[in-house]
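**Q** One structure is given below, represented as structure tokens, and several questions about it will come after.
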Amino acid sequence: MAREGEETTATGDPEPEGPQRWPAGLVGQVSLSPSDPAPAGSWGSWTLRYVVGPYGVDDAGALKVLWPVVSDHGVPQLSDPAGANYASVRTDGEAVLVARWQQRASVRPWSKGLVIDVTDGSLAPGDTVELVLGDRDGGGPGARLQSYVEPDCRVRVQVDPFATGVFYDVPGSTGLDVTAGEAHALVATLRPARGPRPAVVSVRAVDRYGNLATGYRGTVTLTWTDGTSTERPMTAADEGLLTLEVPDHRGPAAGAGPLRVHVADDGGRSAVSNPLDPDVGDPLWGDTQGQTGETVGAGTLESFFRYGRDVALLDFVTHSANDFQVDNAAYERSLAMCDAFTEDGRFVAFGGFEWSGNTAVGGDHNVLYADSAQAPLLRSSHALVEDLGDLDTDARTATDLYRAIEERGLEAVCVPHVGGRRVNLGLLEPAHAPVLEIVSVHGWFEWLVLDALRLGHVVGVVGASDDHSGRPGSSYPTLPVFGVRNGLAAVCTDDLSRRGIQRAMRARHTYATTGERILLDVRADGHRMGDHWSAVQAPTVRVRAAGTAGVEAVEVLDATGVVRRWTPPPPAGRGRLRVGWRGARARDRRRVQDWSGGLHVDDGEIRAARSWAFDHPDHAVVLEGPRSVSWTSSTNGDSDGVVLELGTTPSTLHLAAGGVDLSVDLARVGEDGLEIPVEGGVDRAVTLRWLPEEEPSREVDVVFEDLPFGPGRNAYLVKVHQSDGHLAWASPLFVDG
Numbered sequence: 015m016a017r018e019g020e021e022t023t024a025t026g027d028p029e030p031e032g033p034q035r036w037p038a039g040l041v042g043q044v045s046l047s048p049s050d051p052a053p054a055g056s057w058g059s060w061t062l063r064y065v066v067g068p069y070g071v072d073d074a075g076a077l078k079v080l081w082p083v084v085s086d087h088g089v090p091q092l093s094d095p096a097g098a099n100y101a102s103v104r105t106d107g108e109a110v111l112v113a114r115w116q117q118r119a120s121v122r123p124w125s126k127g128l129v130i131d132v133t134d135g136s137l138a139p140g141d142t143v144e145l146v147l148g149d150r151d152g153g154g155p156g157a158r159l160q161s162y163v164e165p166d167c168r169v170r171v172q173v174d175p176f177a178t179g180v181f182y183d184v185p186g187s188t189g190l191d192v193t194a195g196e197a198h199a200l201v202a203t204l205r206p207a208r209g210p211r212p213a214v215v216s217v218r219a220v221d222r223y224g225n226l227a228t229g230y231r232g233t234v235t236l237t238w239t240d241g242t243s244t245e246r247p248m249t250a251a252d253e254g255l256l257t258l259e260v261p262d263h264r265g266p267a268a269g270a271g272p273l274r275v276h277v278a279d280d281g282g283r284s285a286v287s288n289p290l291d292p293d294v295g296d297p298l299w300g301d302t303q304g305q306t307g308e309t310v311g312a313g314t315l316e317s318f319f320r321y322g323r324d325v326a327l328l329d330f331v332t333h334s335a336n337d338f339q340v341d342n343a344a345y346e347r348s349l350a351m352c353d354a355f356t357e358d359g360r361f362v363a364f365g366g367f368e369w370s371g372n373t374a375v376g377g378d379h380n381v382l383y384a385d386s387a388q389a390p391l392l393r394s395s396h397a398l399v400e401d402l403g404d405l406d407t408d409a410r411t412a413t414d415l416y417r418a419i420e421e422r423g424l425e426a427v428c429v430p431h432v433g434g435r436r437v438n439l440g441l442l443e444p445a446h447a448p449v450l451e452i453v454s455v456h457g458w459f460e461w462l463v464l465d466a467l468r469l470g471h472v473v474g475v476v477g478a479s480d481d482h483s484g485r486p487g488s489s490y491p492t493l494p495v496f497g498v499r500n501g502l503a504a505v506c507t508d509d510l511s512r513r514g515i516q517r518a519m520r521a522r523h524t525y526a527t528t529g530e531r532i533l534l535d536v537r538a539d540g541h542r543m544g545d546h547w548s549a550v551q552a553p554t555v556r557v558r559a560a561g562t563a564g565v566e567a568v569e570v571l572d573a574t575g576v577v578r579r580w581t582p583p584p585p586a587g588r589g590r591l592r593v594g595w596r597g598a599r600a601r602d603r604r605r606v607q608d609w610s611g612g613l614h615v616d617d618g619e620i621r622a623a624r625s626w627a628f629d630h631p632d633h634a635v636v637l638e639g640p641r642s643v644s645w646t647s648s649t650n651g652d653s654d655g656v657v658l659e660l661g662t663t664p665s666t667l668h669l670a671a672g673g674v675d676l677s678v679d680l681a682r683v684g685e686d687g688l689e690i691p692v693e694g695g696v697d698r699a700v701t702l703r704w705l706p707e708e709e710p711s712r713e714v715d716v717v718f719e720d721l722p723f724g725p726g727r728n729a730y731l732v733k734v735h736q737s738d739g740h741l742a743w744a745s746p747l748f749v750d751g
């Protein structure tokens, strides 16, 4: 029940925590009812029944019911019987039970849970304790399951029978299969031919939370750019995923323009694929970070790589477990699995780990190795590793890590990021860490790259998922701290091998997107994105992009921010207004900014309102009336918003959200829109923009001249904005004047 991220041994059983040899088998039994499969994100009621063991449970003893730290199950509450996720506890023993929720109830990964104290009496052998998760007797809707698929999803139950503060695992069955829900949408992905690998189109059905809807049945029609169509049934054997070779005569050719495919089914669902256009670019798409049930994620190593290769249709993926939680046997298993999945020219799985030093000594770095035979586990610490026999191999600081890689001659690329332990840019060495992670499910971190540029670092950018749900390359929001969709890394090379990808990363021939396969090419005076050269004048920068939605802006930034901006012609009318909000509360873990609130107008008419760039399916916009709108929204450095369809144009708009209360004269919203900075946090702002009736072109070719230029190092970061809120960032151009 509600397990996401269970650490497992080689047998698949929970890793023991604390003293276990005695009194193992003598602390009672636990069972879960019902244990039938249930869809991800569904609501229900489940009873955990604990039968007290032969020692009983003393007064001041306790039970713990634990969930993994990354689980997004509904958090049990104990005060409102009519509310969501209400939990009740009772016993037939001679004691009073007092339950409380603790975010830090035990040791990672089983960190959070309900603690049930035994007071005013004790429990005798054979007594029972029943915890009802999602008790509906008071009229509540029940408890919500985690939002993604996991076989044998469990909670962990422990007991302190002797009131000593030492808890023992209680044996029994607490699991159920969390399955995908009904198909909610279609996703279409085109992947170009490369070497021995043919061009393919993938069509997958997903449920409301982005899980592969394996129960989907239907007929899909694929319509190509040239207007020809193909109809295919999707049956039970497809399990929600159809992958077809692209017919040769529809393959993208130079000069022919972008190839896309429109997909529609007989249930009214539709999707448009990413573009293929060799004139703009043909990058390798990958994910440089993710975890499994080996540490603090869900699923097996095999299912992780299989999902990245076959479902997300990635070219490469990295398994990067937190080093302080990985024993040597688990690490060797991960390296062997990477080798088993790697086939140069078809798919690459990088072996490595996440060096997880605290920010003060370096911050998180994903380490990607080219050779599994020369891939030592250089831990930042042994915090959760009991075997201390290799303690002398620890690299306690980022500097120690870089020196160990250098002195051993290891073929490694480090990818620093924000995530949990924010990278310390003061210790960064780009020779070993040539690219920074600018986006992951944790949020958007453009500020990190700008900080690096201000410090004079020559670094590129990639995107990643940092997935913990078994869905590398196609992750969806779960917990608020994992509040946005995954990023993607685009690596500009034809060499689909570990060393080829590493070479391109070291050259910074990379770009990042917020999850969409946007094609992007940046050139300047014979150089490409990521290059570093000397010149006597500012470069002329050409940007070509082919998007998955309309391109509404292209920007060039330097270390100070935006220095040039291109937009398509402004809209002729003022019937559609987008009101957006963005930013983060802080740079570290508690970065989630709650923007729930609303707006109203004093005059005019709002005919319709819809969400814009929302990531979490449980967030929503409500049109309360012709002059007011409300919403539930949060951001992690990204942007959300609402698009208003207006009857008559209001004169003033009032917004109250995210601790912001402002009134805006809409006459101030010009052709370039209006941005209102918000004090506090990181890059917080409210934006307003008039929208055209039609989507802007998905293809752009823009030239920037007369860019700011001076002596010393000049860095130019190109950023592409799509009309659906998705972004792409190219690795900066570095020009020494």
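Its first residue numbered 15, the sequence shown is counted upward by one per residue in the working numbering. Beta carbons are placed, not taken as given, at the ideal position from N, Cα and C, and that holds for glycine. Please read all numbers here as calculations on a predicted model, not as lab measurements.
Which residue marks the beginning of the beta strand (DSSP E) containing residue 741, and which one marks its end?
**A** Element bounds for residue 741: 741 to 744.
**Q** With a Cβ-Cβ cutoff of 8 Å, do residue 429 and residue 449 count as a contact?
**A** Yes, the Cβ-Cβ distance between residue 429 and residue 449 is below 8 Å.
**Q** Provide the residue(s) that pair with residue 248 in DSSP beta bridges, ordered along the chain.
**A** Per DSSP, 232.
**Q** Could you say which of 482, 372 and 115 lies nearest to residue 828 if we only look at CA atoms?
**A** Outside the shown range of the chain, which is 15 to 751, sits residue 828, and nothing can be said about it.
**Q** Compute the Euclidean distance between the alpha carbons of residue 255 and residue 91, then round it to the nearest angstrom.
**A** Rounded to the nearest angstrom, the two C-alpha atoms are 38 Å apart.
**Q** In terms of residues, what are the limits of the alpha helix (DSSP H) holding residue 516?
**A** Residue 516 -> alpha helix (DSSP H) spans 512 to 520.
**Q** Determine the burial state of residue 736: buried for a count of at least 16 other Cβ atoms within 10 Å of its Cβ, exposed for fewer.
**A** Looking at its Cβ environment, which holds 16 or more other Cβ atoms inside 10 Å, residue 736 is buried.
**Q** Considering Cα atoms alone, identify which of 230, 361, 97 and 102 is closest to residue 212.
**A** Residue 212 has its Cα closest to that of 361, out of 230, 361, 97 and 102.
**Q** Residue 334: buried (16+ other C-beta within 10 angstroms of its C-beta) or exposed?
**A** So residue 334 ends up on the buried side.
**Q** Rounded to whole angstroms, what's the CA-CA distance from residue 283 to residue 319? Just pull it up for me.
**A** Going from the Cα of residue 283 to the Cα of residue 319 covers about 28 Å.
**Q** Give the straight-line distance between the Cα atoms of residue 148 and residue 163, rounded to the nearest whole angstrom.
**A** Approximately 20 Å, taken between the alpha carbons.
**Q** Based on the DSSP output, what are the partners of residue 691 in its beta bridges?
**A** In DSSP, residue 691 forms a bridge with 699.
**Q** CA-CA distance, residue 630 and residue 724?
**A** Cα to Cα, the separation comes out at about 43 Å.
**Q** Determine the DSSP secondary structure at residue 364, reduced to helix, strand or coil.
**A** Of the three classes helix, strand and coil, the one that applies to residue 364 here is strand, per DSSP.
**Q** Suppose the cutoff is 6 Å on Cβ atoms and the five residues either side in sequence are ignored; what does the same chain contact list for residue 569 look like?
**A** These residues qualify, in order along the chain: 576, 579 and 733.
**Q** What are the boundary residues of the beta strand (DSSP E) that residue 342 is part of?
**A** Residue 342 -> not in any beta strand (DSSP E); alpha helix (DSSP H) instead, spanning 342 to 355.
**Q** Kindly identify the DSSP beta-bridge partner or partners of residue 506.
**A** Answer is none; residue 506 lacks a bridge partner.
**Q** Would you grab the beta carbon distance between residue 626 and residue 657 for me? Rounded to a whole angstrom, and I think it's under 8 Å.
**A** The pair is a contact, with the Cβ atoms about 5 Å apart (cut-off 8 Å).
**Q** In the DSSP assignment, find the unbroken alpha helix (DSSP H) run with residue 467 in it and report its ends.
**A** Looking at the DSSP string, the run of the alpha helix (DSSP H) that includes residue 467 is 460 to 468.
**Q** Expressed to the nearest angstrom, what Euclidean distance is found between the alpha-carbon atoms of residue 601 and residue 698?
**A** Spanning the two alpha carbons is a distance of roughly 12 Å.
**Q** Does DSSP classify residue 263 as helix, strand or coil?
**A** Model confidence at residue 263 stands at a pLDDT of 46, short of 50, so the residue's coordinates are unreliable; what they give is reported in the following sentence. Residue 263: helix per DSSP, three-state reduction.
**Q** In chain order, which beta strand (DSSP E) runs of at least 3 residues are fully inside the region 136 to 202?
**A** Runs found: 142 to 147, 164 to 168, 170 to 174 and 189 to 193.
**Q** Put residue 87 into one of helix, strand or coil per three-state DSSP.
**A** Coil.
**Q** In whole angstroms, give me the CA-to-CA distance for residue 330 and residue 324.
**A** Those two C-alpha atoms are separated by around 11 Å.
**Q** Could you give the distance in angstroms between the alpha-carbon of residue 194 and the alpha-carbon of residue 676?
**A** Those two C-alpha atoms are separated by around 42 Å.
**Q** On a CA-only basis, which of 81, 573, 583 and 532 is nearest residue 168? Give me that one, please.
**A** Nearest option by C-alpha distance: 81.
**Q** Thinking residue 77 and residue 143 are a contact (beta carbons under 8 Å), I'd like their distance in whole angstroms, please.
**A** About 6 Å; that satisfies the 8 Å criterion.
**Q** Residues in the same chain with beta-carbon distance under 6 Å from residue 638, minus the five sequence neighbours each way, listed in chain order, please.
**A** Result list for residue 638: 644, in chain order.
**Q** By Cβ distance, which residues of its chain are closer than 7 Å to residue 521, with the 5 residues on each side in sequence left out?
**A** Answer for residue 521: 544, listed in chain order.
**Q** Could you check where the beta strand (DSSP E) with residue 759 kicks off and where it finishes?
**A** The structure shown does not extend to residue 759, since the chain spans only 15 to 751, so no value can be given for it.
**Q** Are residue 392 and residue 412 close, meaning C-beta to C-beta below 8 Å?
**A** No.
**Q** Can you give, in chain order, each stretch of the beta strand (DSSP E) that sits fully within the region 270 to 324 and has at least 3 residues?
**A** Counting only runs of 3 or more, we get 275 to 279, 284 to 286 and 298 to 301.
**Q** Using three-state DSSP, classify residue 440 as helix, strand or coil.
**A** Residue state, collapsed to three classes: helix.
**Q** Short of 7 Å in beta carbon distance, which residues of its chain neighbour residue 607, apart from the five on each side in sequence? Order them along the chain.
**A** Within the same chain, residue 607 has close Cβ partners 597, 598, 599, 648, 649, 672, 695 and 698.
**Q** Going by beta carbon distance, what residues of the same chain come within less than 8 Å of residue 119, once the five residues before and after it are set aside?
**A** Closer than 8 Å at the Cβ level, and outside the excluded window around residue 119, lie 78, 80, 125, 126, 127, 128 and 129.
**Q** In chain order, what residues of the same chain lie with their CB nearer than 8 Å to the CB of residue 112, ignoring the 5 residues before and after it?
**A** Answer for residue 112: 130, 131 and 133, listed in chain order.
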